[in-house]
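Visitor:
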Amino acid sequence: MRFETEAIHSVREDDPAYGALVAPIYQTSTFVFEDIGKTRGYDYSRTANPTRKMLEETIARLEGGKAGFAFATGMAAESTIIHLLKAGDHVISGDDVYGGTYRLFANVMTELGVQFTFLRMNDRKAIEAAVRPNTRMVWIETPSNPLLNIVDLEMVVGVARKHKLLTVQDNTFASPCFLRPIDFGVDIVVHSTTKYLNGHCDVVGGAAVTTTDELTQRVQFLTNAMGACASPFDCWLVLRGIRTLPLRMKQHEKNAFAVANYLAAHPRVKRVFFPGLEKHPGHDIAARQMKGFGGMVSFEVKGRPKAVNAVLKGVKIFSLAESLGGFHSLIEHPATMSHASMPAEVRQQVGISDNLIRLSIGLENADDLTEDLGQALGS
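In our numbering, the protein residues as written are 2 to 380.
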């Protein structure tokens, strides 16, 4: 089946008990045993739940993986996956990753003895040079948050396989609608399902998809042992969102093109970050490995900080808020919001300037969005 059909029919939902077209929410903590040591497949919802299993199977099929796991948040998914490592292991990570990911790696996992090297993943020689005898994992974001940098997956996976390293990709920005990292050899895919997969700004969640029996068993153990799994109701909400994912992603991208082109021509905008623009340094790679360019646009405003504040406070349709990927257009300031946990000197080093603004382009009329930005910019 093609993706649009898979999003609706990837897992049979209808209820065998009463024939409900949409499967019920199994909002229960406990399942009754049929006999000592005998269940109907479920015993306790931390270990497994029918509603969660339906979401996990759906995401696994959409990503082309072997098994899926649903978590309470995107960071819960990342925290579980990074615990595949042990003290003394080394990770190569993109340098402009989401601020929460950087915080987890630099401030939490380093305290547990895991080592990290952060670098821009656009240079094969630099990645090769970063590999150590104790390197075990490569962590990828593409498009990255918030600079929308593009990683050549074939190149990075090639390096990782040469050195027998595990590859993990955060696919939140693209969604499986626009990019399937497993098709390029990535071992594990993670998501914040809060974002495009849910798409309705009403739930937080995360997911991971594995590609081998061994990884599936290890992640299943960690999920049960650490208890970071998603609730049944949250899983049901994400399942509802996935049914319209292809339609939403197409409109997000269409609006993002309109906004990016408008900003690129604006005299008060210094630079626009959107991989759909031909001037974007990663455009050709994105066009080759993605089916769409996504709905995220970042841009730098000319002038002093007050010029940035004028835009953040001046918009009327965009809402000043963190998160992304919903029907509602959002505007945020990475330096003080999504990436505030990243030290200022690190932000400056990787290119996240104080004048950078990140937009999550929603499903409103594109002309209304550009007009809103225009009046906020003072044109």
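Glycine included, every Cβ here is placed at the ideal spot set by N, Cα and C. These figures come from a predicted structure and were not determined experimentally.
Closest by CA to residue 284, which one among 150, 372, 357?
Guide: Taking only the C-alpha atoms, the option nearest residue 284 is 150.
Visitor: Verify whether the separation of the beta carbon atoms of residue 52 and residue 233 is less than 7 Å.
Guide: Yes, these two residues count as a Cβ contact at 7 Å.
Visitor: Between residue 228 and residue 47, is the Cβ-Cβ spacing less than 7 Å?
Guide: Contact: yes.
Visitor: Do you know offhand how far residue 77's Cα is from residue 66's?
Guide: In a straight line, the C-alpha of residue 77 is about 20 Å away from that of residue 66.
Visitor: Exposed or buried, which one is residue 136 when buried takes at least 16 other CB atoms within 10 Å?
Guide: Classification for residue 136: buried.
Visitor: Considering only their Cβ atoms, is the gap separating residue 94 from residue 117 smaller than 7 Å?
Guide: Their beta carbons are under 7 Å apart, which means residue 117 touches residue 94 by this criterion.
Visitor: Thinking C-beta only, is residue 364 closer than 7 Å to residue 382?
Guide: Here the chain has residues from 2 to 380 only, and residue 382 is not among them.
Visitor: Going by the CB atoms, is the gap between residue 12 and residue 58 shorter than 7 Å?
Guide: The answer is yes: Cβ separation under 7 Å.
Visitor: Can you find the residues in the same chain that come closer than 8 Å, C-beta to C-beta, to residue 203, ignoring five residues on each side of it along the sequence?
Guide: Cβ within range, chain order: 238.
Visitor: Measuring straight from C-alpha to C-alpha, what distance separates residue 209 and residue 69?
Guide: In a straight line, the C-alpha of residue 209 is about 6 Å away from that of residue 69.
Visitor: Please classify residue 246 as buried or exposed, where buried requires at least 16 neighbouring CB atoms within 10 angstroms.
Guide: Flag for residue 246 reads buried.
Visitor: Just to confirm the assignment: which complete alpha helix (DSSP H) runs, minimum length 4, are found wholly within the segment 192-261?
Guide: Within the segment 192-261, the complete alpha helix (DSSP H) runs of at least 4 residues are 214-227, 233-243.
Visitor: Would you kindly work out how many angstroms separate the C-alpha atoms of residue 299 and residue 173, rounded to a whole number?
Guide: Cα to Cα, residue 299 sits roughly 16 Å from residue 173.
Visitor: Near residue 306, what residues of its chain come up, given a Cβ to Cβ distance below 7 Å and the 5 sequence neighbours on each side ignored?
Guide: 355, listed in sequence order.
Visitor: Residue 95 lies in the beta strand (DSSP E); which residues open and close that run?
Guide: Counting along the chain, the beta strand (DSSP E) containing residue 95 begins and ends at 91-95.
Visitor: Check whether the Cβ atoms of residue 362 and residue 293 lie closer than 7 Å to each other.
Guide: Cβ distance not < 7 Å, so residue 362 and residue 293 don't count as in contact.
Visitor: Could you give the first and the last residue of the continuous alpha helix (DSSP H) run that contains residue 179?
Guide: Element bounds for residue 179: 176-179.
Visitor: For residue 158, which option in 139, 143, 43 has the closest C-alpha, if you only look at C-alpha atoms?
Guide: It is 139.
Visitor: For residue 326 versus residue 197, is the C-beta distance shorter than 7 Å?
Guide: Yes, they are a contact pair.
Visitor: State the start and end residues of the unbroken beta strand (DSSP E) segment that holds residue 168.
Guide: Counting along the chain, the beta strand (DSSP E) containing residue 168 begins and ends at 167-171.
Visitor: For residue 9 and residue 64, I'd like the C-alpha separation in whole angstroms.
Guide: Cα-Cα distance, rounded: 14 Å.
Visitor: Look at the alpha carbon of residue 335 and the alpha carbon of residue 343, and state the distance between them as a whole number of angstroms.
Guide: Those two C-alpha atoms are separated by around 10 Å.
Visitor: Which residues does DSSP list as the beta-bridge partners of residue 45?
Guide: Answer is 31, bridged to residue 45.
Visitor: What are the start and end residues of each continuous beta strand (DSSP E) run of 3 or more residues lying completely inside the segment 101-137, in chain order?
Guide: Segments of the beta strand (DSSP E) lying fully in the segment 101-137: 116-120.
Visitor: Can you tell me whether residue 304 is helix, strand or coil according to DSSP?
Guide: The answer is coil: DSSP assigns residue 304 none of H, G, I, E or B.
Visitor: Within the same chain, show all residues whose beta-carbon is closer than 6 Å to that of residue 205, passing over the 5 residues directly before and after it, in chain order.
Guide: 74, 195, listed in sequence order.
Visitor: Just mark residue 254 as buried or exposed, buried being the case when its beta carbon has 16 or more other beta carbons within 10 Å.
Guide: Buried, by the Cβ-count rule.
Visitor: DSSP puts residue 71 in a beta bridge; with which residues?
Guide: 208.
Visitor: How long is the line joining the alpha carbons of residue 190 and residue 60, rounded to whole angstroms?
Guide: So the alpha carbons of these two residues sit roughly 10 Å apart.
Visitor: Would residue 19 pass as an interface residue toward chain D - the criterion being a Cβ-Cβ separation below 7 Å?
Guide: The question asks about chain D, but that chain is absent: this structure has only one protein chain.
Visitor: Count the other C-beta atoms from every protein chain shown that fall within 10 angstroms of the C-beta of residue 99, then say buried if there are 16 or more, exposed otherwise.
Guide: So residue 99 counts as buried.
Visitor: Assign residue 127 to buried or exposed, taking buried as 16 or more other Cβ atoms, counted over all protein chains shown, within 10 Å of its Cβ.
Guide: So residue 127 counts as exposed.
Visitor: Beta-carbon within less than 7 Å of residue 125's beta-carbon, same chain only, minus the 5 sequence neighbours each way: which residues are those?
Guide: Once the five neighbours on either side are set aside, the close Cβ partners of residue 125 are 156, 160.
Visitor: So what's residue 36 in DSSP terms, helix, strand or just coil?
Guide: Three-state result, residue 36: strand.
Visitor: Helix, strand or coil: which one does DSSP assign to residue 80?
Guide: Helix at residue 80.
Visitor: Would you mind reading off the limits of the beta strand (DSSP E) that contains residue 274?
Guide: Unbroken beta strand (DSSP E) run through residue 274: 270-274.
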